[in-house]
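J.:
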Amino acid sequence: MTHAKQLYRASILHFPKASQQPEIDVSFFQDGALIVEDSKIIAVGEYKTLKASHTNYEQHNYTGKLIIPGLIDSHLHFPQTEMIAKYGDQLLAWLENYTFPTENKFKDNEYCKLIANQFIKQLINNGTTTAFAYATVHKQSVDALFSCASQYNMSMITGKVCMDRNCPDYLQDTPESAQIESQALIEKWHGTKRNLYALTPRFAPTSSDKQLALLGELAKDNPSVFIQTHLSENHGEVEWVKQLFPKSKSYLDVYDQHNMVHERSLFGHCLHLSEHEWERLADAKATSVFCPSSNLFLGSGLFSLEEAYQYNVPIALASDVGAGTSFNMFRNYGDAYKIGQLQGNKLNVLVGFYMMTQGPACNYGLEQEIGNLNPGTYADFVVLNPHFNALSTLRCDALTDIESASDMLFALSFIGDDRAVEATYIAGQELKHARKEQEYALA
Ligand code: GUN
Ligand code: ZN
134 MTHAKQLYRA SILHFPKASQ QPEIDVSFFQ DGALIVEDSK IIAVGEYKTL KASHTNYEQH
194 NYTGKLIIPG LIDSHLHFPQ TEMIAKYGDQ LLAWLENYTF PTENKFKDNE YCKLIANQFI
254 KQLINNGTTT AFAYATVHKQ SVDALFSCAS QYNMSMITGK VCMDRNCPDY LQDTPESAQI
314 ESQALIEKWH GTKRNLYALT PRFAPTSSDK QLALLGELAK DNPSVFIQTH LSENHGEVEW
374 VKQLFPKSKS YLDVYDQHNM VHERSLFGHC LHLSEHEWER LADAKATSVF CPSSNLFLGS
434 GLFSLEEAYQ YNVPIALASD VGAGTSFNMF RNYGDAYKIG QLQGNKLNVL VGFYMMTQGP
494 ACNYGLEQEI GNLNPGTYAD FVVLNPHFNA LSTLRCDALT DIESASDMLF ALSFIGDDRA
554 VEATYIAGQE LKHARKEQEY ALA
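In the numbering used here, the protein residues as written are 134 to 576.
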C-alpha cells in the first residue's frame, strides 16, 4: 500500500497555463519537488522550499531525472494494438485488408478483455496516462476498455465505433442500434471513475446520413460527451465523401450538419482541408489531431502546422496506433518534427510537448484534472531517465536548465523508447518502474 503523503525530488517541467500556440508558457525547476497526497498533486516548486514545509512526507529521490505530466494521446485505436506495422497499403485498402478482419475478433468478450489489458500496458510503459481511444463496433469492447482503465484509476475516453455501411456485414450496426447502444454506454460509463464517453462514428464513408443524424441528437442531449472521428486523411477518401454526400459543402460539413463540430470534437488527421474547413474548425474551437507516424506510414499526406496556426485551430498530437507506428508519444513528436522540416516549418520540442499535455487538456476543458502538474490535478506524471542506455548517456547532458531539458526531450524523441520512461504514476500510484518491473502488476 502506498503511503498517502509523497515528495518526489527531480528536475520538473510542465506548462501551467493555457497558451496561444506556438507561444507557450513553460515552468522548470532544476531541483524541484512534486508533493502528492493520495491521488492528487498538492504542490510543485523548488525542493528547498517545499522540503521545509513538508517534513513528514515520504521522499523519493529522482535527482538527475525529469518529471513531466502524464502524456495525452488524443487519437488511437485499442483493437489495432496487435496489427501495428502491417505492410503495404494506403488507407482504404489497409482498412479492408487488415483493420476490419482484426476488429471482427472483438465480437468475443474475452478477447476484448485480453487486448484492452495489453493496450493499457503499452500506454503506461510509454508514459501515456490519458487516451482518446476508438473501440470497435461491439459494445463489449467499450466495456472491456473502461473496466480495465478503472482498475488503474486511469483517465480513459472511448466509445463504440458506429458504422452502418461500406464495411463488411460482420461489423455493421444500424442507425438505431448505434444510437441505442451509444446511449446505454454513456449512461453506464460517462463520468464513472475517470472514464468519459466519446461518440465515435468511424468516418463519414461508413455512416449513413440517418446514423449521423441520430448520433448528432445524442451529442445535443449529452453536451459533456466528446465526439471523435476522422477527417480528410487520404485523397481517395476525400473524393469518396464528395460522392457519398453530394449536398454537403465539404467533408467537415457532413459532420457539421449533424451538430458534431464543437469544442469537444476531435478530428483525426485534417490533412487536406479547404480554407472554409479550417475557418469552421477555428470558429467551433474544435481540435485538429495531428497523427504524424500514421500519416507517414499510410502515405496519407503532410499535416500543415502553418495552416493550423494561421487559422488558429488547436492542435493535439496523437499516435493513431495501429496505423501509427509507435505508442511512444516522444517518437510521434519526432515524426511531427520531420514532417515540419519537409515543409520548412520546424515544430519546437516544447510546443510539441505542449500538444500532448496542457494543450489538449485545455482544449477539452480537462485542465483541472490532467495535462499539467498544478495543485488540485490528478497525480498523473512520468519520470524520464535521460541516461537509459549508452547512446542516450553520451548524447544527453545533465539537466541544468530549460535548454538542457528541452534538448533531452528532443533527443529522446529520436533515440528514445519506453526504456527512457523510468516510472509512470497514475492518480498517485506507481504503475511502472523500469528498475523494479518484477514487482509491478504491469510487468
Ligand atoms: N479512417 C477510418 N478508420 C480509420 C482507422 O481505423 N485508422 C485510420 N488511420 N484512419 C481511419
Ligand atoms: Zn484513427
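Every residue gets a Cβ at the ideal spot worked out from N, C-alpha and C, and that includes glycine.
Note that the structure is a prediction, hence the values are computed from the model and not measured.
May I ask you to list the residues that DSSP assigns as paired with residue 270?
T.: Answer is none; residue 270 lacks a bridge partner.
J.: Can you confirm whether the stretch 442 to 461 touches the stretch 203 to 220 when touching is taken to mean that 3 or more C-beta pairs between the two stretches lie within less than 8 angstroms?
T.: yes
J.: Comparing alpha-carbon positions, which option in 482, 555, 508 lies nearest residue 166?
T.: 508
J.: By Cβ distance below 6 angstroms, which residues in the same chain neighbour residue 250 in space, the five residues on each side in sequence not counted?
T.: 281
J.: Distance, Cα to Cα, residue 530 vs residue 462?
T.: So the two alpha carbons sit approximately 22 angstroms from each other.
J.: Mind pulling the beta strand (DSSP E) runs of 3 or more residues that sit fully within the stretch 504 to 555?
T.: With a minimum length of 3 residues, the continuous beta strand (DSSP E) runs that stay inside the stretch 504 to 555 are 514 to 517.
J.: Indicate whether residue 469 and residue 430 have their beta-carbon atoms separated by less than 8 angstroms.
T.: no
J.: Less than 8 angstroms between C-beta atoms, sequence neighbours within five positions excluded: which residues of the same chain meet that for residue 181?
T.: Excluding residues within five positions, the ones whose Cβ falls inside 8 angstroms are 164.
J.: Relative to the ligand GUN, is the shortest distance from any of its heavy atoms to the C-beta of residue 187 smaller than 7 angstroms?
T.: no
J.: With DSSP collapsed to three states, give me the class of residue 157.
T.: coil
J.: Please enumerate, following chain order, all residues with a beta carbon closer than 6 angstroms to at least one heavy atom belonging to the ligand ZN.
T.: 208, 210, 363, 401, 453
J.: Give the list of continuous beta strand (DSSP E) stretches no shorter than 3 residues that lie fully inside the stretch 217 to 287.
T.: 261 to 267
J.: Tell me whether residue 234 is buried or exposed, calling it buried when 16 or more other Cβ atoms sit within 10 Å of its Cβ.
T.: exposed
J.: For residue 276, which residues from the same chain have a beta carbon less than 6 angstroms from its beta carbon, with the 5 sequence-adjacent residues on both sides left out?
T.: none
J.: Any chance the CB of residue 228 is under 7 angstroms from a heavy atom of the ligand GUN?
T.: yes
J.: Is residue 289 helix, strand or coil by DSSP?
T.: strand
J.: Could you please give me the residues that DSSP links to residue 143 through a beta bridge?
T.: Looking at the DSSP assignment, residue 143 forms a beta bridge with 165.
J.: Note the first and the last residue of the continuous beta strand (DSSP E) segment covering residue 202.
T.: First-last of the beta strand (DSSP E) with residue 202: 191 to 202.
J.: Please name the residue, chosen from 149, 288, 262, 305, that lies closest to residue 296 on a Cα-to-Cα basis.
T.: 305
J.: Among 517, 402, 511, which residue has its Cα nearest to the Cα of residue 436?
T.: 402
J.: Assuming contact is defined by CB atoms lying nearer than 8 angstroms, are residue 141 and residue 200 in contact in what I supplied?
T.: Yes; because the gap between Cβ atoms is below 8 angstroms, this pair is in contact.
J.: How would you write the range of the alpha helix (DSSP H) that residue 492 sits in, first residue to last?
T.: 491 to 496
J.: Report the residue ranges of all beta strand (DSSP E) runs contained in full by the stretch 346 to 417; include only those spanning at least 3 residues, in chain order.
T.: If we require 3 residues or more, the beta strand (DSSP E) runs fully inside the stretch 346 to 417 come out as 359 to 364, 398 to 402.
J.: Return the bridge partner residues of residue 424 from the DSSP annotation.
T.: Partner(s): none; residue 424 has no beta bridge.
J.: Buried or exposed for residue 153, going by 16 or more other Cβ atoms inside 10 Å?
T.: exposed
J.: Can the beta-carbon of residue 371 be found less than 8 angstroms from the beta-carbon of residue 378?
T.: no
J.: Among 506, 464, 473, whose alpha-carbon lies nearest the alpha-carbon of residue 548?
T.: 464
J.: If you count every other CB in all the chains shown that lies within 10 Å of the CB of residue 357, and 16 or more means buried, which is it?
T.: exposed
J.: Can you find a heavy atom of the ligand GUN that lies under 7 angstroms from the Cβ of residue 528?
T.: no
J.: Provide the residue span of the alpha helix (DSSP H) that contains residue 440, from first to last.
T.: 438 to 444
J.: Quick one: is residue 325 buried, meaning 16 or more other Cβ sit within 10 Å of its Cβ, or exposed?
T.: exposed
J.: For the candidate residues 158, 149, 168, 159, whose alpha-carbon lies nearest to that of residue 143?
T.: Ranking 158, 149, 168, 159 by CA distance to the CA of residue 143 puts 168 first.
J.: Once you ignore the five residues that flank residue 351 on each side, which residues in its own chain have a CB closer than 7 angstroms to its CB?
T.: 312, 315, 316, 332
J.: Helix, strand or coil: how does DSSP classify residue 499 here?
T.: Under the three-state reduction of DSSP output, residue 499 falls in the coil class, being neither helix nor strand.
J.: With C-beta atoms as the reference, is residue 283 less than 8 angstroms away from residue 355?
T.: no
J.: Could you name the residues of the same chain whose beta carbon sits closer than 8 angstroms to that of residue 161, not counting the 5 residues immediately before and after it, in chain order?
T.: These residues qualify, in order along the chain: 144, 145, 146, 534, 535, 538.
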